[in-house]
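What follows is a set of notes on a single structure, which appears directly below.
Protein chains: 2
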Amino acid sequence: MPEFLELLPPPEAIKRWMAHLPAPRPEAENVPTFQSLGRVTAAAIASPEALPAFPRSTVDGFAVIARDTFGASDSLPAYLSLAGEVPMGRQPDFTLHPTQAALIYTGGMLPEGADAVVMIEYTQPAKPGEIEVLRASAAGENILKAGEDVAPGQIILQAGVRLRPPEIGGLLALGITQVNVTCRPRIAIISSGDEIVGPQASPAAGQVRDVNSYSLGALVEQAGGEPVLYGIISDQRQALQQALQTAQDECAAIIVTAGSSASTRDLTAEVIQNLGEPGVLVHGVNLRPGKPTILAVCNGKGVVGLPGNPVSALVVASIFATALVERLLGLTNPRPKPALVARLTINLASQAGREDYVPVILSAGPQGYLAEPIFYKSNLIFSLARADGLLIIPSAATGLSAGDQVTVTLL
Amino acid sequence: MPEFLELLPPPEAIKRWMAHLPAPRPEAENVPTFQSLGRVTAAAIASPEALPAFPRSTVDGFAVIARDTFGASDSLPAYLSLAGEVPMGRQPDFTLHPTQAALIYTGGMLPEGADAVVMIEYTQPAKPGEIEVLRASAAGENILKAGEDVAPGQIILQAGVRLRPPEIGGLLALGITQVNVTCRPRIAIISSGDEIVGPQASPAAGQVRDVNSYSLGALVEQAGGEPVLYGIISDQRQALQQALQTAQDECAAIIVTAGSSASTRDLTAEVIQNLGEPGVLVHGVNLRPGKPTILAVCNGKGVVGLPGNPVSALVVASIFATALVERLLGLTNPRPKPALVARLTINLASQAGREDYVPVILSAGPQGYLAEPIFYKSNLIFSLARADGLLIIPSAATGLSAGDQVTVTLL
């Protein structure tokens, strides 16, 4: 299981990997709609009713029959008699007949017979019980027809959509107080390495605390998964194999960070390979940081093997582990990812054929954001904590020049 | 309290409002660091120790004394004797003397005396107990010095920073397992309107279900606040005054959506004005949708009065209520907000002097995103649910042309 026989470009790596993953069949659960922020719809949702349920005024004014106002102007107003006032929240108890008008407020229900609303600014009182209309109105003007937002039976949300505030409001407008969403997939997280100790420990000389379990756990949480931490496993074949086996049995997918040396990375790949068919599909990605990435599918479950270096691990996980979590969540209709456009402050070299992810600090300039690359050695987690986002140098480029417009993915 | 005497541009409206808000003094609490995703630091955090705590190798190779390798090349290797192998996770039990080398793996602790690591690729075995070094090495090469990421006592995070996966990893790398974060501010949400019923109700003709309590609640949650729903209050002065008074006593800020007509909006403004000094500071913003926005400070608490129309309410809240929640959270060091750049698919007219927020659907084109505006009448909440984001037509513009590059804020 030697690494780097073939370095795949990241898009090809994802494609080969995903092609071997079984179609996700996420479990679903009903949750109260007002607690569903960030969850993903498990099935398409059809509207049980029309929205609005009745024709409504969108302005304060007078409900009219539009043809009664044809030709009306300041110098030649239309005179209409007042049939009544529409009470808010109730059906008007009268019908509008020709040459009649009714006072109506924004959101009020249009009386029977009316087909338009004239804004109050374009009317004035005439003699008691009568108004002057100073503008012609067209049928449909300033009203919402019943069903104009949503027709009964219309699909209002597809399956695989992440719920945001407008969707939550829209569902409740239709009386949909429970929503069927996918369950958060349980994602196993395993840190391996003989030098790693827990975050509560006082490391002896030569030991370092576990970073990856927690930064990757937070990343999984951010993507909508449920991180399940299996702790720190030594670089012993048997211990690692046992931990991965248990994780495979208990979770929907596995993220394992390898020990840092090439030999322990090879061990990780071998142990993953033993988890089942088809096994390791990608071993080495043409990516910096993150070349020693392992992507596998074992007995239907996705496995991501990450470099032990916490910066590489987090960058690589933000590409591959996030994609896996979203797939398991059933997020088939994702929204565009948050990003920003900025201008690069300096020249950046890169190797053609390799995708480079460079942490940057963004600052607001007069012409928009400036992106200042952070130079760092591998392993310095605070170089990522300082960064606002990651700039991608595409594999086709041999570098970028100061002043180039670049896209920065926010961390 | 008549509205629209003066329509302020949104940036001036925010400025006038914020100038009257007292300096936020958010309460703080300790939470486990691994559960702190999205929380905001309550105080600056200094590092209790150096990171790394000891000098480490960043590659697999041989620890050396750099000057022993000066001039080394393929044709003229430097011969070094093997002093030992550095065990992972332990301090080497030997010191490196001149003309000695030690096998070391990535992340291993540099032995005393060594000042560089030669990558394994640039060495080869010589006679037993000896290696050939084929490249010269400079002091410091392929090592991390103790404290190179973080020095003891160094401020690693300022106050007012929202925690993301890298910060969580970084804190735990330093053994900081509890983090002091600000408490989520309680934000009162009140929907008023005689036509409004709860989402579980079957509305009678003329009635509509409450959308705003839930869409605004989700928005507050997204921003980091704790929404406290006070339900639906009728457009009666006394009921509304009582509800706002209770909310003011119990919460850090109030969001109230007015009834839809001009007269109920005026009522809302009067009731807000009665909550205390200085009262209503902005009544009418040069913004579409959202002209009838009210911004107030009453006895030290921020109040936002929103139009009842659910589209306007959500757009306006995403500007003003989000800013208020972030202020109360103590988010003094915010990261840049995501904003995608796209090309407009059609011409869009606008009125000079007014900021227009237009819901758009984004689609990926060969040259980047395309933004297709959604035309909608006010009140159609599903026009926002269909949208990926909002395009802003700046107040200085009289419109935008098809093909123009525009910035889209994600919803």
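For the protein sequence lines, the chains are A and B, in the order given. Those letters in the first sequence? Residues 1 to 411, by this note's numbering. Those letters in the second sequence? Residues 1001 to 1411, by this note's numbering. Virtual Cβ for every residue (Gly too), placed ideally from N, Cα, C. Predicted, not measured: the structure shown is a model, and the values here were computed from it.
{"Item": "Between the CA atoms of B:D1194 and A:M88 - distance to the nearest angstrom", "Value": "6 Å"}
{"Item": "Chain A contacts from the region 1080-1111 of chain B (Cβ-Cβ distance under 7 Å)", "Value": "M1088, G1089, R1090, Q1091, Y1105, T1106, G1107, M1109"}
{"Item": "Endpoints, beta strand (DSSP E) assigned at B:P1359", "Value": "1355-1365"}
{"Item": "B:G1169 beta carbon less than 8 Å from that of A:S215", "Value": "yes"}
{"Item": "Cutoff 8 Å: A:G412 Cβ touching any chain B Cβ", "Value": "The shown model of chain A, from 1 to 411, leaves out residue 412 of chain A, and the question about it has no answer."}
{"Item": "Residue ranges of each beta strand (DSSP E) within the region 1047-1095 of chain B, 3 or longer", "Value": "1061-1064, 1078-1085"}
{"Item": "Ranges of the alpha helix (DSSP H) found wholly within the region 103-191 of chain A, counting only runs of at least 4", "Value": "165-173"}
{"Item": "Chain-ordered residues of the region 1327-1344 of chain B with a beta carbon less than 7 Å from chain A", "Value": "R1335, P1336, P1338, A1339, L1340, V1341"}
{"Item": "Nearest-angstrom beta carbon gap, A:I255 and A:I189 [assumed within contact, 8 Å]", "Value": "5 Å"}
{"Item": "Endpoints, the alpha helix (DSSP H) within which B:H1020 is located", "Value": "1010-1020"}
{"Item": "Within chain A, the residues that B:D1194 reaches when beta carbons sit closer than 7 Å", "Value": "M88, G89"}
{"Item": "One or two residues paired with A:I374 in a DSSP bridge", "Value": "A:I374 is not bridged to any residue."}
{"Item": "Distance CB(A:G206)-CB(A:S260) smaller than 8 Å", "Value": "no"}
{"Item": "Member of A:S395, A:M109, A:P32, A:D68 whose CA lies at the smallest distance from the CA of A:A349", "Value": "A:S395"}
{"Item": "Against chain A: residues of the region 1167-1189 of chain B by CB proximity under 7 Å", "Value": "E1167, I1168, G1169, G1170, L1172, A1173, G1175, T1177"}
{"Item": "Beta-carbon gap between B:L1370 and B:T1409 smaller than 8 Å", "Value": "no"}
{"Item": "Whether A:L328 touches A:T257 by CB criterion (8 Å)", "Value": "no"}
{"Item": "Complete alpha helix (DSSP H) runs within the region 228-270 of chain A (minimum length 4 residues, chain order)", "Value": "237-250"}
{"Item": "From A:K127, A:L331, A:P111, residue whose alpha carbon lies closest to that of A:A146", "Value": "A:P111"}
{"Item": "Beta carbon proximity, B:Y1357 to chain A, threshold 8 Å", "Value": "no"}
{"Item": "Interface partners of A:S312 on chain B, CB under 8 Å", "Value": "The contacting residues do not exist; A:S312 stays about 11 Å from chain B at best."}
{"Item": "Minimum C-alpha distance to B:P1203 - residue among A:L174, A:P203, A:I374", "Value": "A:L174"}
{"Item": "Start-to-end residues for the beta strand (DSSP E) that takes in A:E221", "Value": "Taken as a continuous stretch (DSSP letters only), A:E221 belongs to no beta strand (DSSP E), being part of the alpha helix (DSSP H) at 212-223."}
{"Item": "For B:T1398, the three-state DSSP class (helix, strand or coil)", "Value": "coil"}
{"Item": "Distance, A:R237 Cα to A:M1 Cα", "Value": "Since pLDDT at A:M1 reaches only 47, below the 50 mark, its modelled position is unreliable, and the value read off the structure follows with that caveat. Whole-angstrom Cα-Cα distance: 14 Å."}
{"Item": "Enclosing beta strand (DSSP E) for B:V1285 [first to last residue]", "Value": "Taken as a continuous stretch (DSSP letters only), B:V1285 belongs to no beta strand (DSSP E), as it is neither H nor E."}
{"Item": "Chain A contact residues for B:V1360, given Cβ-Cβ distances below 9 Å", "Value": "None at all; the shortest Cβ gap to chain A is about 11 Å."}
{"Item": "Neighbouring residues, chain B, relative to A:S215 (Cβ below 7 Å)", "Value": "P1165, P1166, I1168, G1169"}
{"Item": "Contact the region 1373-1389 of chain B vs the region 147-164 of chain A: 3+ CB pairs below 8 Å", "Value": "yes"}
{"Item": "Cβ-Cβ distance between B:L1244 and B:V1280 below 8 Å", "Value": "no"}
{"Item": "Counterpart residues of B:V1408 in DSSP-defined beta bridges", "Value": "B:L1340, B:L1391"}
{"Item": "Reduced DSSP secondary structure (H/G/I, E/B, other) of B:L1281", "Value": "strand"}
{"Item": "Cross-chain neighbours of A:F375 in chain B, by beta carbon under 9 Å", "Value": "Ordered by position in chain B, no residue passes the 9 Å Cβ test against A:F375, which lies about 12 Å from the chain."}
{"Item": "C-beta neighbour in chain A for B:P1048, strict 8 Å", "Value": "no"}
{"Item": "A:R162 versus B:A1201: straight-line alpha-carbon distance, rounded", "Value": "26 Å"}
{"Item": "Environment of B:A1139 [buried if 16+ CB atoms lie within 10 Å]", "Value": "exposed"}
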